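Peer 1:
Here's what the structure looks like:
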């Protein structure tokens, strides 16, 4: 199996909202406030208003479920549901939670983005499987999206 780079998302986020311990784990919500994305065949902005709904499991793994809208430079709306996992040593995850800049080699951050759009120009997003790697920064998340070919 091979992958090819599709595009990079630069998703801006605001402060973590902690709901607390639920029967499923510690629930957190991170508001998505904007951003940009760009690749060979696509470019645009991340529409404000989405959320990354997270559960921190008892084993320290964060289950991520981000849902938001992309708007291409030519005005096409694309929804994204990006689910994944992020984990590392407890001290590394604590530094991330405190909003510190942490080297991405110190933690695992992978996801599976799924796209939906009605525009034929971007149908390639709905006809392939994608995987992604992520880097958590204090005020944004950098996501490298790859198409499985």
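In our numbering, the protein residues as written are 23 to 171.
In this text, a Cβ means the ideal position worked out from N, Cα and C, and glycines have one as well.
Since this is a predicted model, take the numbers as computed values, not measurements.
#1: Taking the continuous beta strand (DSSP E) assigned at residue 51, which residues delimit it?
#2: Could you check how far apart the C-beta atoms of residue 139 and residue 147 are, in whole angstroms? I think they sit under 8 Å.
#3: Just verifying my parser: in three-state terms, what is the DSSP assignment at residue 23?
#4: Could you tell me how far apart the beta carbons of residue 91 and residue 143 are, in whole angstroms, since I believe they sit closer than 8 Å?
#5: Which residues bound the beta strand (DSSP E) around residue 70?
#6: Where do the N-terminal and C-terminal ends of the alpha helix (DSSP H) with residue 114 fall, by residue?
#7: Could you say which of 50, 110, 103, 71 lies nearest to residue 165 if we only look at CA atoms?
Peer 2: Reading it off the structure:
#1: Working through the chain shown from its first residue, we reach residue 51 at position 29. Start and end: 47 to 61.
#2: Here residue 139 corresponds to residue number 117 of the chain shown, with the count starting at 1. Here residue 147 corresponds to residue number 125 of the chain shown, with the count starting at 1. Rounded, the Cβ-Cβ distance is 6 Å, consistent with contact.
#3: By one-based count along the chain shown, residue 23 stands at place 1. Coil at residue 23, not helix or strand.
#4: Position 69 of the chain shown holds residue 91. Position 121 of the chain shown holds residue 143. With a Cβ gap of about 17 Å, residue 91 and residue 143 do not count as contacting.
#5: Position 48 of the chain shown holds residue 70. From DSSP, the beta strand (DSSP E) with residue 70 extends over 64 to 78.
#6: As a first step, residue 114 is located in the chain shown; it is residue number 92 there, counting from the start. Here the alpha helix (DSSP H) through residue 114 covers 112 to 119.
#7: What you label residue 165 is simply residue 143 of the chain shown in a count that begins at 1. Ranking 50, 110, 103, 71 by Cα distance to residue 165 puts 103 first.
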